[in-house]
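The structure appears below as C-alpha cells.
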Amino acid sequence: MSLSRLQTATDILQACTRAYEAKACQAHREMALGGGETSSPLTLGASAVDHCLEGGLACGGLHEVRSPLARDIGAATGFALGLAARAMAADRGGRAGIVWVTDPATRVDGGGLFPAGLAQYGLDPSCLTMVEPGDLQGAMWAADEAAGCAGLAALIFQIKGNPARFDMTATRRLMLRARGSGVLALTLRQSGEEEASAAATRWRVNTEMSGADDNYQNGVGAMRLSLTLERNRAGRTGQWLLAWNPKDRSFHHAAPNPQARANPSAHSLDRLPVSANRRDPSGKMGQVLDLRRDFGRAS
Amino acid sequence: MDAHPDAPPVVVTDTIKNAIRITALDQRARNSGVRLNQSLSDARALVPDLDCHPADGARNRALLLKIAGWCERYTPLVALDAAPEAEGNHGLFMDITGCAHLLGGEAGLVSDLEARLRAQGFHARLCLADTPGAAWAMARYGQARIIAEGAHAEAILPLSLSGLRLPPAMVASLGRVGLKTIGCIAGLPRAPLAARFGARLMQRLDQALGRETEAISPIMPVAELSTERRFAEPLTHHDEISHVTAALAEGIIEPLERRGLGLRHGRLKLFRVDGHVSELDVQTARPLRDAPLIRRLFAERIAGLHDDLDAGFGFDLVRLDVVHADPFDAAQAEMMAGHSAGQGQDALVDRLGARLGLERVQRFVLADTHIPERSFGRQPVAHLGAASARQAAGNAVLALTPEIDLPAGIVTRPLILFDRPELMQTIAEVPDGPPLKFRWRGVAYEVNRSEGPERIACEWWLDGRGARTRDYFRVEDRQGYRFWMFRHGLYGRETSDPAWYMHGLFA
Numbered sequence: 001m002s003l004s005r006l007q008t009a010t011d012i013l014q015a016c017t018r019a020y021e022a023k024a025c026q027a028h029r030e031m032a033l034g035g036g037e038t039s040s041p042l043t044l045g046a047s048a049v050d051h052c053l054e055g056g057l058a059c060g061g062l063h064e065v066r067s068p069l070a071r072d073i074g075a076a077t078g079f080a081l082g083l084a085a086r087a088m089a090a091d092r093g094g095r096a097g098i099v100w101v102t103d104p105a106t107r108v109d110g111g112g113l114f115p116a117g118l119a120q121y122g123l124d125p126s127c128l129t130m131v132e133p134g135d136l137q138g139a140m141w142a143a144d145e146a147a148g149c150a151g152l153a154a155l156i157f158q159i160k161g162n163p164a165r166f167d168m169t170a171t172r173r174l175m176l177r178a179r180g181s182g183v184l185a186l187t188l189r190q191s192g193e194e195e196a197s198a199a200a201t202r203w204r205v206n207t208e209m210s211g212a213d214d215n216y217q218n219g220v221g222a223m224r225l226s227l228t229l230e231r232n233r234a235g236r237t238g239q240w241l242l243a244w245n246p247k248d249r250s251f252h253h254a255a256p257n258p259q260a261r262a263n264p265s266a267h268s269l270d271r272l273p274v275s276a277n278r279r280d281p282s283g284k285m286g287q288v289l290d291l292r293r294d295f296g297r298a299s
Numbered sequence: 001m002d003a004h005p006d007a008p009p010v011v012v013t014d015t016i017k018n019a020i021r022i023t024a025l026d027q028r029a030r031n032s033g034v035r036l037n038q039s040l041s042d043a044r045a046l047v048p049d050l051d052c053h054p055a056d057g058a059r060n061r062a063l064l065l066k067i068a069g070w071c072e073r074y075t076p077l078v079a080l081d082a083a084p085e086a087e088g089n090h091g092l093f094m095d096i097t098g099c100a101h102l103l104g105g106e107a108g109l110v111s112d113l114e115a116r117l118r119a120q121g122f123h124a125r126l127c128l129a130d131t132p133g134a135a136w137a138m139a140r141y142g143q144a145r146i147i148a149e150g151a152h153a154e155a156i157l158p159l160s161l162s163g164l165r166l167p168p169a170m171v172a173s174l175g176r177v178g179l180k181t182i183g184c185i186a187g188l189p190r191a192p193l194a195a196r197f198g199a200r201l202m203q204r205l206d207q208a209l210g211r212e213t214e215a216i217s218p219i220m221p222v223a224e225l226s227t228e229r230r231f232a233e234p235l236t237h238h239d240e241i242s243h244v245t246a247a248l249a250e251g252i253i254e255p256l257e258r259r260g261l262g263l264r265h266g267r268l269k270l271f272r273v274d275g276h277v278s279e280l281d282v283q284t285a286r287p288l289r290d291a292p293l294i295r296r297l298f299a300e301r302i303a304g305l306h307d308d309l310d311a312g313f314g315f316d317l318v319r320l321d322v323v324h325a326d327p328f329d330a331a332q333a334e335m336m337a338g339h340s341a342g343q344g345q346d347a348l349v350d351r352l353g354a355r356l357g358l359e360r361v362q363r364f365v366l367a368d369t370h371i372p373e374r375s376f377g378r379q380p381v382a383h384l385g386a387a388s389a390r391q392a393a394g395n396a397v398l399a400l401t402p403e404i405d406l407p408a409g410i411v412t413r414p415l416i417l418f419d420r421p422e423l424m425q426t427i428a429e430v431p432d433g434p435p436l437k438f439r440w441r442g443v444a445y446e447v448n449r450s451e452g453p454e455r456i457a458c459e460w461w462l463d464g465r466g467a468r469t470r471d472y473f474r475v476e477d478r479q480g481y482r483f484w485m486f487r488h489g490l491y492g493r494e495t496s497d498p499a500w501y502m503h504g505l506f507a
C-alpha cells in the first residue's frame with residue numbers, strides 16, 4: 001500500500017521534472033534564437049544575407065556591429081542606421097523612434113551624427129533621440145531602459161573599444177530586456193575587438209570602394225560596405241558586399257570593383273593597424289614591397 | 001548664535017567711513033556694554049577678548065535666502081525685505097493669509113516658527129500684523145509679537161519713526177523738528193509734510209497704517225498646486241520617502257483632473273529637521289497625470305543624485321509642488337492606454353531626463369544656414385514641444401536636402417560630422433583642384449576618386465571681414481574610405497596658402 005503510494009509520488013515527481021525540463025529547453029532554444037516567435041524577423045533586403053539568417057534578424061534581440069578601425073566608424077554607423085531605418089519602416093505595431101545612446105568615450109574622436117546626412121541617408125533626423133550620459137555606467141543604464149521600452153523601434157548603443165564593465169552580464173541583461181519588449185537593440189562598437197557577448201549576431205563592417213559606374217566614372221559612389229557575419233547564434237556565418245539604397249531603405253548585393261582587388265594600396269603605411277599591440281597583429285604589420293617595381297622606378 | 005557658555009562675546013565688524021565699527025552683536029556682548037556702531041577699539045577696551053568677525057554681505061544674503069527657502073514650510077509667499085534706504089534690512093516678509101489655521105492659528109504659527117528658528121540657532125524677532133509696514137516696525141522697535149486684527153494703527157503710533165522704513169537722514173531731520181514717533185506725524189496735515197520731506201514719507205506712513213496696499217514679491221514663483229505631509233516622527237529611509245512621494249502624487253492627481261491639467265514640472269521639497277531643504281526637480285516631455293509614473297520619475301531623480309540624499313536626522317515635512325502644468329489631452333491618454341502605462345517613448349524620455357539630467361536627452365533642431373556645423377543644434381527634449389519639434393525638423397530637412405538629381409544612392413552630406421574641422425596636411429592642385437594626397441590623424445591617404453568643389457560661402461554678416469570661403473570635396477581613398485573635406489579660402493583671392501580641413505565621414 002505504502003509502496004504503491006510512493007510509486008505514485010515518484011511518478012508525479014518525474015512528470016513534473018519532465019515538464020520543467022521541456023519548458024527550460026524551450027526557453028533555452030528561444031534564447032539561442034534571440035527572439036520570441038511573436039515578432040517577424042527583420043530582413044536586410046539582400047537575399048543571400050537574409051537566407052543565411054534564415055529569414056532575417058530577430059527584432060527583439062541584441063546584435064553587435066563593430067568597426068575594427070576608428071576610421072571604419074562611418075561604415076559601421078551606416079550599417080547600424082540602415083538596420084534601424086528598416087526597423088522603423090517595418091511598422092511593427094506603431095513603434096516609432098530610435099534612441100541613440102553614446103558612451104562619453106566615443107566623443108573623444110569628436111564625431112557626431114549630421115542631420116542633413118541622415119536625411120539623405122533615408123532617415124528622418126527628428127525620430128532620433130540622442131542620449132549622452134556622463135559616464136559608461138549611466139550609458140549602460142540608459143541603454144537598458146531604452147531596450148525595455150516597447151514603444152521604440154530601435155536602440156543603438158555606441159561604445160568605444162571593449163570596456164570591462166560592458167561584459168557578458170551587461171549584454172545579457174540588455175538582450176533579455178530587448179527580447180521582452182521587441183526593440184531592435186544594436187551595440188555599435190567603435191574600434192573594438194571580438195569579444196564574447198550575449199548578442200545574437202556580431203557583424204564586422206569594413207568600408208568598400210565605390211563600384212565602377214560608367215555614367216559616374218570619377219565620382220564617389222553610394223555607400224558600400226563589406227560585411228562579415230562573424231558570429232551567429234542561430235546559424236551560419238558569411239561575408240558579403242552590400243550597398244545601401246536610401247530611396248527604398250534597403251540593402252542589396254553589389255559587385256566588387258575590379259580595381260579594388262587589382263590595385264591594392266601603394267602605401268605600406270596604409271596597411272599598418274592603428275596600434276600594434278592588438279591581439280592578432282600578424283598579417284597586417286607592413287606589406288611585402290615589390291622591390292623590382294621600386295627598382296624600376298628608381299632607375 | 002548660542003555657543004559655549006564660557007565663549008567670548010561675538011561681534012561682526014565692518015569698515016564704515018574708514019573706521020572699523022560694530023554692525024552686529026550677540027546678547028553677551030550687549031550685556032558687557034558693547035553697542036551697535038561703536039568703533040572696534042572702544043569695544044575692545046570694554047571687552048578685551050571680543051570674538052570679532054568681518055561682515056560678509058554675500059554670505060549673509062545667502063544665509064537669509066536659505067532661511068527664506070525654509071520658511072516656505074509655512075507659506076509659499078516669502079519675500080526678502082527689500083527696503084534699500086532703511087537701515088538693517090535683514091528681514092523676511094511672509095504672507096500667511098489662509099495658512100495659519102494649518103498650525104493652530106496665528107499664535108501657534110508664530111510660536112512654532114520661533115521655536116524652530118531657535119532650535120537652528122537663530123535669534124529672530126517676529127511680529128504678525130495686518131500690514132507689512134506695521135509688522136516691520138513692531139518687529140524692530142516694539143515688543144508685541146501678534147497685533148490683533150485692526151489694532152495695528154494704534155499699536156505702532158508710539159514707535160520710533162525709524163520704524164517707517166525711512167532713510168536715516170530723513171529720520172534725523174524729522175527728529176530735529178521734534179517729530180520722533182510715528183504718532184507725531186500721523187495726525188499732522190499731509191501737504192506740508194510731503195512738501196518738506198517728500199512723498200516717500202507719506203507713502204511709508206500710509207503703507208504702515210494700511211491706507212495704501214503693499215504687495216510683497218515672493219522669492220519663488222508660487223506653485224500651481226501643492227500638497228504636503230507633515231510627520232511627527234521624521235523620515236530617514238529612502239523607502240519611506242518613496243512611499244510618501246507616491247502618496248503625494250496620488251493626492252495631486254485629483255486636483256489636476258479637476259482643472260484639466262497635467263504635470264510638466266514637479267518639485268519635491270524635503271524639509272530636514274535641522275532646517276536644510278532639499279529640492280528635487282522633475283520635468284516631463286508631455287503633460288502627465290499618472291501617480292505611479294510621477295513617483296517613478298522622482299525615484300529615478302533620487303537614484304541619479306551624485307551625492308546621496310542626506311537625510312541627517314530625518315525629514316519632517318515633504319511637499320510636492322506642481323511648478324508648471326499644461327492642459328492635458330484626455331483623448332490622447334485613452335489612446336495611449338492601449339499600451340501598458342510607462343512604456344511609451346515620452347515616458348522613457350522623462351525617466352532618462354530625471355536620472356541623467358534633462359540636458360543629456362536631446363533631439364536635433366535645424367537652423368537656416370548652409371555652414372554645416374551651424375546648420376543644426378541639439379536641444380533637450382523636455383524643452384521642445386514634442387509635436388512642434390518633429391514638425392520643425394521635418395520641414396527644415398526638406399529645405400536642406402539639395403534638389404539636384406543625383407544618381408541612385410549618391411549622397412552629398414556625410415553621416416558623421418566632426419564638431420571642429422580637423423587640420424590636415426594635404427597635397428592638392430592650385431588654384432582649385434581636388435586633393436591628391438593627405439595625412440589625417442597620423443595616417444597617409446592617397447585619393448582615388450574625388451568630387452567637387454561644392455562651394456559654401458562664409459557668413460560675412462556673422463564672421464566679419466576676413467572670413468573665408470570653403471570648397472568642399474567628397475573624396476574616396478584607395479581603400480574605399482569616403483571623406484568630406486574642404487579647402488579653407490580661395491587661392492589668390494582670399495589667401496595664398498589655403499589650409500585643408502577634414503570635416504566628416506561618409507558611410
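Listed in order, the protein sequences are those of chains S and Y.
Counting in full-length UniProt numbering, the first sequence runs from 1 upward without gaps.
Counting in full-length UniProt numbering, the second sequence runs from 1 upward without gaps.
Just so you know, even glycine gets a beta-carbon here, dropped at the ideal spot from N, CA and C.
Quiz item: When DSSP labels each residue in this structure, what does residue 508 of chain Y get in the three-state scheme?
Solution: Limits of chain Y in this structure are 1 at one end and 507 at the other, which puts residue 508 of chain Y out of reach.
Practice problem: Might you give, ordered along the chain, the residues of its own chain that have their beta carbon closer than 7 Å to the beta carbon of Y/H152, omitting 5 neighbours on each side? | Solution: A129, D130, T131, A134 and G210
Quiz prompt | Contact the segment 184 to 192 of chain Y vs the segment 63 to 80 of chain Y: 3+ CB pairs below 8 Å | solution = no
Quiz item: Going along the chain, which residues of its own chain have a beta-carbon closer than 6 Å to the beta-carbon of Y/D49, five neighbours each way excluded?
Solution: P8
Quiz item: For the alpha helix (DSSP H) that S/M209 lies in, which residues bound it at each end?
Solution: First-last for S/M209: undefined, no H or E at that position.
Quiz item: the segment 102 to 125 of chain S: which residues have C-beta closer than 9 Å to a C-beta of chain Y, in chain order?
Solution: R107, D109, G110, G111, G112, L113, F114, P115, A116, G117, L118, A119, Q120, Y121, D124 and P125
Self-check item: Residue environment, Y/E300, which counts as buried when at least 16 other CB atoms sit within 10 Å
Solution: With a threshold of 16 other beta carbon atoms within 10 Å, Y/E300 meets it and is buried.
Quiz prompt | Short Cβ contact (8 Å threshold) for S/E145 with Y/R351 | solution = yes
Quiz prompt | Amino acids of chain Y, ordered along the chain, whose beta-carbon sits closer than 8 Å to that of S/V49 | solution = The contacting residues do not exist; S/V49 stays about 17 Å from chain Y at best.
Quiz item: Can the beta-carbon of Y/F486 be found less than 8 Å from the beta-carbon of Y/D471?
Solution: yes
Exercise. Would you identify the three-state DSSP class for Y/K99, choosing helix, strand or coil?
Key: Note on residue identity: the sequence assigns Cys, not Lys, to residue 99 of chain Y. Coil, per DSSP.
Quiz item: Hey, is Y/S375's beta-carbon within less than 8 Å of any beta-carbon in chain S?
Solution: It does: the Cβ of Y/S375 has a partner Cβ on chain S nearer than 8 Å.
Exercise. Tell me whether the beta-carbon of Y/L505 lies closer than 8 Å to the beta-carbon of Y/F483.
Key: For Y/L505 and Y/F483, yes; Cβs fall inside 8 Å.
Quiz prompt | Contained beta strand (DSSP E) runs [length at least 3] in the segment 84 to 138 of chain S, N- to C-terminal order | solution = 98 to 102, 111 to 113 and 128 to 131
Practice problem: Just the chain Y side, please: which residues come within less than 8 Å of S/C149 by C-beta, in chain order? | Solution: Q343, G344, Q345, A347 and L348
Quiz item: Hey, how far is the Cα of S/D167 from the Cα of S/A142?
Solution: The alpha-carbon atoms of S/D167 and S/A142 are separated by roughly 16 Å.
Quiz item: Does the count of Cβ pairs from the segment 230 to 248 of chain Y and the segment 205 to 221 of chain Y closer than 8 Å reach three?
Solution: no
Self-check item: Y/P255 versus S/R189 - alpha carbon distance
Solution: 49 Å
Quiz prompt | Burial state of Y/T426, where buried means 16 or more other Cβ atoms lie within 10 Å | solution = buried
Quiz item: Does the Cβ-Cβ distance between Y/A24 and Y/V34 come in under 8 Å?
Solution: no
Quiz item: Under a CB-based cut-off of 8 Å, is S/L242 close to chain C?
Solution: Reference to chain C is not applicable here, since the protein chains of this structure are S and Y.
Quiz item: Does any CB atom of chain Y fall closer than 8 Å to the CB of S/A222?
Solution: yes
Quiz item: Do the CB positions of Y/L77 and Y/V222 come within less than 8 Å of each other?
Solution: yes
Practice problem: Give a yes or no on contact between the segment 239 to 259 of chain Y and the segment 349 to 369 of chain Y, applying the rule of three or more CB pairs nearer than 8 Å. | Solution: no
Quiz item: How is S/Q239 classed by DSSP in three states: helix, strand or coil?
Solution: strand
Quiz item: Between the C-alpha atoms of Y/Q38 and Y/P54, what's the straight-line distance to the nearest angstrom?
Solution: 14 Å
Quiz item: Looking at C-alpha atoms only, which residue of S/I98, S/A48, S/E132 and S/R92 is the closest neighbour of S/T106?
Solution: The residue with the shortest Cα to Cα distance from S/T106 is S/E132.
Quiz item: Going along the chain, which residues of its own chain have a beta-carbon closer than 6 Å to the beta-carbon of S/N257, five neighbours each way excluded?
Solution: M209, G211 and A212
Quiz item: Taking Cβ to Cβ, would you say Y/I146 is nearer than 8 Å to Y/I182?
Solution: no
Quiz item: What residues from chain S crowd round Y/E451, counting only those whose CB sits closer than 7 Å?
Solution: Against chain S, the beta carbon of Y/E451 has neighbours under 7 Å at G219 and V220, listed in chain order.
Quiz item: Per DSSP, Y/L25 is paired with what?
Solution: Y/V11
Practice problem: Let me know the secondary structure DSSP gives Y/L348 once reduced to three states. | Solution: In the displayed model, Y/L348 falls within a helix according to three-state DSSP.
Self-check item: Rounded Cβ spacing between Y/S450 and Y/P431 (contact assumed at less than 8 Å)
Solution: Not confirmed; about 16 Å, so no contact.
Quiz item: Is the segment 67 to 75 of chain S touching the segment 187 to 205 of chain S in the sense that three or more CB pairs, one from each, lie closer than 8 Å?
Solution: Segment contact: the segment 187 to 205 of chain S against the segment 67 to 75 of chain S, three or more CB-CB distances shorter than 8 Å; contact assigned.
Quiz item: Which residues in chain S sit within 7 Å of Y/Y481, going by Cβ to Cβ distance?
Solution: R71 and T207
Self-check item: Which residues DSSP lists as bridging S/N232, in chain order
Solution: The bridge partners DSSP lists for S/N232 are S/T201.
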